[in-house]
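With the first letter of the sequence shown counted as 1, position 26 gets the number 31 in our numbering; the numbers rise by one all the way through.
Notes follow the structure.
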Amino acid sequence: MTWRGEGGLVGARSALPVLVVVVALTVAAMLGMVGVLPSAWFWAALGAYAVAWAEYLVTQTIGRSRASSAVR
């Protein structure tokens with residue numbers, strides 16, 4: 006996902022940190038599933054995924070809304 010704003014390209018700078026967070030959440034969830042970490046880690050990772058998807062959907066909706074209003 007790439008945003009263009011007043012400061013130029015925004016999404017490219019945040020791609021690597023987002024990837025690191027997703028990988029860390031995946032590892033924590035897997036370790037929680039197999040019992041290495043407490044099960045709370047699994048549920049915390051699952052909740053973080055839900056929040057990330059919600060943020061993604063909201064930003065996509067806002068972006069499409071702005072794009073459609075700019076066309077008019």
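Idealized CB from N, CA, C, for every residue including glycine.
Go ahead and label Ala34 buried or exposed: buried means 16 or more other beta carbons lie within 10 angstroms of its beta carbon, across all protein chains shown.
-> Label assigned to Ala34: buried.
Could you give the DSSP three-state label for Val41: helix, strand or coil?
-> In the displayed model, Val41 falls within coil according to three-state DSSP, outside both helix and strand.
Please classify Ala29: is it buried, with 16 or more other beta-carbons within 10 angstroms of its beta-carbon, or exposed?
-> Here Ala29 is exposed. Its C-beta has fewer than 16 other C-beta atoms within 10 Å.
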